[in-house]
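A.B. asks: This is the structure, below, for whatever I ask next.
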Amino acid sequence: MTQAYNVFGQPVGPALAHWQPRPAPDSEPLAGRFCRLEPLDADRHAEALWQAWQVPASEIDNDTEGRARWTYLGGRPFDDEAGCRAWLARMGADSELLCYAVVDLADGKAVGMAAYLNIVPVDGRIEIGHISFSPRMARTPISSEALMLMMAHAFDMGYRRLEWKCDALNTPSRRAAERLGFRFEGVFRQHRVVAGRNRDTAWFSVLGGEWPAIRECHRRWLAPENFDAMGRQHRSLTSMTAALCHDLSPS
462 MTQAYNVFGQ PVGPALAHWQ PRPAPDSEPL AGRFCRLEPL DADRHAEALW QAWQVPASEI
522 DNDTEGRARW TYLGGRPFDD EAGCRAWLAR MGADSELLCY AVVDLADGKA VGMAAYLNIV
582 PVDGRIEIGH ISFSPRMART PISSEALMLM MAHAFDMGYR RLEWKCDALN TPSRRAAERL
642 GFRFEGVFRQ HRVVAGRNRD TAWFSVLGGE WPAIRECHRR WLAPENFDAM GRQHRSLTSM
702 TAALCHDLSP S
């Protein structure tokens, strides 16, 4: 790309002659092969989500109530089903978020949630976050497909930057971002205070110019021929996107 200069001879960013602010995301469901993302509705989704989140993570011995998965989200924000329902109602009503329940198409039950946040239409940037997936999504394509649907929808709306942020100590989240094709941008040190502790925040992004190659990786990974009769993948998504995280240039 040729460097642009202003009338003073200073380097400036590329002109975006035809840029227009993007629309805010609407509340239409997003449908995939394995899951459907429905706008979060506490009355419809709370019972199933409460039950799904109660299942402990199998790799953590003393996590008897499924609380460990909330550590990097500041701790679980409810103690019982009524509290869960009230919290989901608040999240669903927050005008700065668009929260989705992830519904397993196999049985029609909600098994997790995720959201768009930090939505800035004038700049064309949007973030995926507030991700809380239950153990029912483990070792299935649902967790990957849910996030792929959100990534695709953001770029289908014309957004030019998609962000992912997480606690810098949250290794599973960092791996998930890179597996999906996000590029690591750096760490904001002492970025937040969460539950009385310091949080350094790791930043990741996908740009509009990078998306077509990443989308093709997603398409190939989700293709029926990439899974056996038991639903096990033949080729990992990481093997498809790893090179892109290093080779793609911003545009």
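Residues 462 to 712 in the numbering used here are what the sequence shown lists, from first letter to last. A virtual CB, placed ideally from N, CA and C, is assigned to each residue, including glycine. From a predicted model like this one, the values you see are computed outputs, not experimental measurements.
#1: Can you give me the start and stop residues for the alpha helix (DSSP H) that residue 634 sits inside?
#2: List the residues that DSSP assigns as beta-bridge partners of residue 664.
#3: Can you give the Cα-Cα distance for residue 538 and residue 527, rounded to whole angstroms?
#4: Cα separation between residue 609 and residue 660?
#5: If you draw a straight line from the C-alpha of residue 704 to the C-alpha of residue 498, how long is it?
#6: In the structure shown, what three-state DSSP assignment does residue 574 receive?
#7: Determine the burial state of residue 574: buried for a count of at least 16 other Cβ atoms within 10 Å of its Cβ, exposed for fewer.
#8: Whole-angstrom Cβ separation of residue 665 and residue 644, contact assumed at under 8 Å?
#9: Would you list the residues sitting across from residue 590 in a DSSP beta bridge?
#10: Taking Cβ to Cβ, would you say residue 536 is nearer than 7 Å to residue 656?
#11: What's the gap between the Cα of residue 511 and the Cα of residue 501?
#12: Roughly how many angstroms lie between the CA atoms of residue 496 and residue 685, to the nearest whole one?
#13: By Cβ distance, which residues of its chain are closer than 6 Å to residue 493, with the 5 residues on each side in sequence left out?
#14: Determine, using beta-carbon pairs with one atom in the segment 574 to 592 and one in the segment 610 to 622, whether at least three such pairs fall under 8 Å.
#15: Give the DSSP-derived three-state secondary structure of residue 466 in the structure shown.
#16: Does the beta-carbon distance from residue 604 to residue 513 come in below 7 Å?
#17: With distances taken between CB atoms, is the gap from residue 679 to residue 491 smaller than 7 Å?
#18: Short of 6 Å in beta carbon distance, which residues of its chain neighbour residue 451, apart from the five on each side in sequence? Order them along the chain.
C.D. replies: Judging by the given coordinates:
#1: It spans 632 to 641 - the alpha helix (DSSP H) in which residue 634 sits, taken as one unbroken run.
#2: Beta-bridge pairing links residue 664 to 626, 647.
#3: Taking the straight line from one Cα to the other gives about 12 Å.
#4: If I take the Cα positions, the gap works out to 27 Å.
#5: Whole-angstrom Cα-Cα distance: 29 Å.
#6: Strand, per DSSP.
#7: Taking a 10 Å sphere around the C-beta of residue 574, we find 16 or more other C-beta atoms and assign the residue as buried.
#8: Confirmed, Cβ separation roughly 6 Å.
#9: DSSP, once it has assigned bridges, lists 576 as partnering residue 590.
#10: For residue 536 and residue 656, yes; Cβs fall inside 7 Å.
#11: Rounded to whole angstroms, residue 511 to residue 501 spans 13 Å at the Cα level.
#12: Roughly 15 Å separates the two Cα atoms.
#13: The answer, listed in chain order, is 606, 610.
#14: Under the Cβ criterion (8 Å, minimum of three pairs), the segment 574 to 592 counts as touching the segment 610 to 622.
#15: DSSP places residue 466 in the strand class (E or B) of the three-state scheme.
#16: Contact annotation: residue 604 and residue 513 have beta-carbon atoms that are not nearer than 7 Å.
#17: 7 Å or more divides the Cβ of residue 679 from the Cβ of residue 491.
#18: Outside the shown range of the chain, which is 462 to 712, sits residue 451, and nothing can be said about it.
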